[in-house]
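The structure appears below as structure tokens.
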Amino acid sequence: MASSAPSSLAPAEVPMELHARNREKLVRALRNHLAASSLPIRGFVLLQGGEEQTRYCTDHVELFRQESFFAYLFGVREPGFYGAIDIASGKALLFAPRLPADYAVWLGDIKPLSYFKERYLVDLVFYVDEMVQVLRDHHGELGKPLLFLLHGLNTDSNKHSKPAAFEEMEKFDTDVSTLHPILTECRVFKSEMELALIQYANDVSSEAHIEVLRKAREGMKEYQLESIFLHHIYMYGGCRHCSYTCICATGENSSVLHYGHAAAPNDRTLKDGDMALLDMGAEYHFYGSDITCSFPVNGKFTKEQIVVYSAVLNAHNAVIMSMRPGVNWIDMHKLAEKTILESLAREGLVLGDIEDMMVVRLGAVFMPHGLGHFLGIDTHDPGGYAKGMERPREPGLRALRTIRTLQEGMVITVEPGCYFIDALLAPAMEDPVSSEFFNCKELGRYGNFGGVRIESDVYVTAEGCKNLTNVPREVWEIEAVMAGAPWPINRSSIKSDTENGPS
Ligand SMILES: [Mn+2]
């Protein structure tokens, strides 16, 4: 029997040792780097935490979310902090903003510094206005103390992280090139405690996706699907943030890769015969999830929907079956493309030799985005391009957020998709090189189809990999859960469902 409880979730404990371990890992890596470069083991890592933002010129305060590198090292949820790590001793120092007296009237008790020391398991806590003096006192040598500041490129956004800034910086020597690549590399490999949080975010999001699957009906609005998800992750999972803006696309919107933004705000009415593509993920104590489910709004796949869905599911499964340390991500992307093209060829949508299609990069017409990305404190977690790695130039491959070889400890999304995007299909059908591969008559039946994406979060183990996402994926599983079967499905309940079902 399925439990009638709305959720089996219990918000996970947040171990602050997680951040102490992250700091230890960074210190080890920095010491190794300095020793290998014959440099003295001295200086401080200094990071500036995030600042609260207001809405334009108003006093409306946006809900604060800590800057990700700062969250990684210190786990601090409050704005306005600085954090330092003494590389020689490994000691961690936090600097808290000195709050005005009326903070206590409007925003609650002003916490003593001892509160932050205990909560965040650091060695020392001072006020921000004491930072210059404290760092100079701790230096204890002649000359200026050396600060390693965070400056470097985010290869997904093309924006740079902002190095810590404060008054009297001239009293320090600064190094802005060493820290970023080393800290980024630390974040690529997840510890067991980090993995547990990513797993929890996945458990919450998986359950919420299933709740949406059960409640979706024609006539509803896309934002109502979003609302069910948001309610579930917060009500039962304690997740106040999402990893990213929910993409709740139905019908032709499902081929708009980043649908759901302010100008396309998940506001279409669901129609009988639509596919839904829902890309939504909860965040818990900074660590996120990123899950996409695609299903027919009316609970029953059409023949065309099975063709496209199965092509993508085959790719999703083929990649996960092949993932293990030593496998390169570009090869996984190509495996996904090839699997999709083979499926489309079997159904007569594309014609000719699959290898020839691969040579002209035909897969990118149907899947213009990359196969997946690192996942952690950021949805697109950094480190996808380590120092010296160059972004490929070919269609499809140039959209890859990482081209790395898999190693144990990485968490990466597997998110193949197949879309019918006019802006890509029309020119490809006219292009003399690629046009010969298309069966225009057959493809015509998919004009308003939109697209399908299937996305799971996968952890690379020593031997292979582990899928952290737990949602119905097979066509029969989706149809059964939409018809009321519990998840996970037990076989006996399926039997009675089909016997009693409308078909
Ligand atoms: Mn993703």
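Per numbering that gives the first Met the number 0, the sequence shown starts with residue 0, numbered consecutively. All residues carry an ideal CB built from backbone N, CA and C; glycine is no exception.
- As DSSP reads the structure, Thr-404 sits in a beta bridge with Asn-327.
- Counting along the chain, Phe-68 sits inside the alpha helix (DSSP H) bounded by residues 67-73.
- Distances from the CB of Thr-244 to the heavy atoms of ligand 1 are all 6 Å or more.
- Taking 6 Å as the cut-off, one finds at least one heavy atom of ligand 1 near enough to the beta carbon of Glu-414.
- Going by beta carbons, Asn-252 and Arg-239 fall outside the 7 Å limit.
- With 16 or more other Cβ atoms from the protein chains shown falling within 10 Å of its own Cβ, Ile-84 counts as buried.
- The DSSP-derived three-state label of Ser-309 is helix.
- Closest in C-alpha terms to Glu-51, from the list Pro-39, Leu-45, Arg-64 and Arg-41, comes Arg-64.
- In the DSSP assignment, Ser-455 falls within the unbroken beta strand (DSSP E) covering 455-459.
- It is roughly 17 Å from the alpha-carbon of Leu-45 to the alpha-carbon of Arg-186.
- At least one heavy atom of ligand 1 lies closer than 6 Å to the C-beta of Asp-289.
- In terms of Cα proximity to Ser-205, the closest of Ala-461, His-159 and Cys-292 is Cys-292.
- Fewer than three beta-carbon pairs drawn from the stretch 428-442 and the stretch 314-333 are found closer than 8 Å, and the two stretches are therefore not classed as touching.
- Here DSSP, grouped into helix, strand and coil, assigns Pro-180 to helix.
- Contact annotation: Phe-365 and Ser-254 have beta-carbon atoms that are not nearer than 7 Å.
- For Leu-17, the closest C-alpha among the options Phe-43, Leu-33, Tyr-55 and Tyr-71 is that of Tyr-71.
- Annotation note: the stretch 402-456 contains the following uninterrupted alpha helix (DSSP H) runs of length 4 or greater, listed N- to C-terminal: 421-429 and 439-443.
- Beta bridge pairing from DSSP links Thr-268 with Lys-220.
- Looking at the DSSP output, Phe-125 bridges to Phe-94.
- Every alpha helix (DSSP H) of 4 residues or more that sits fully in the stretch 98-175 is shown, in chain order, as 102-105, 112-119 and 130-138.
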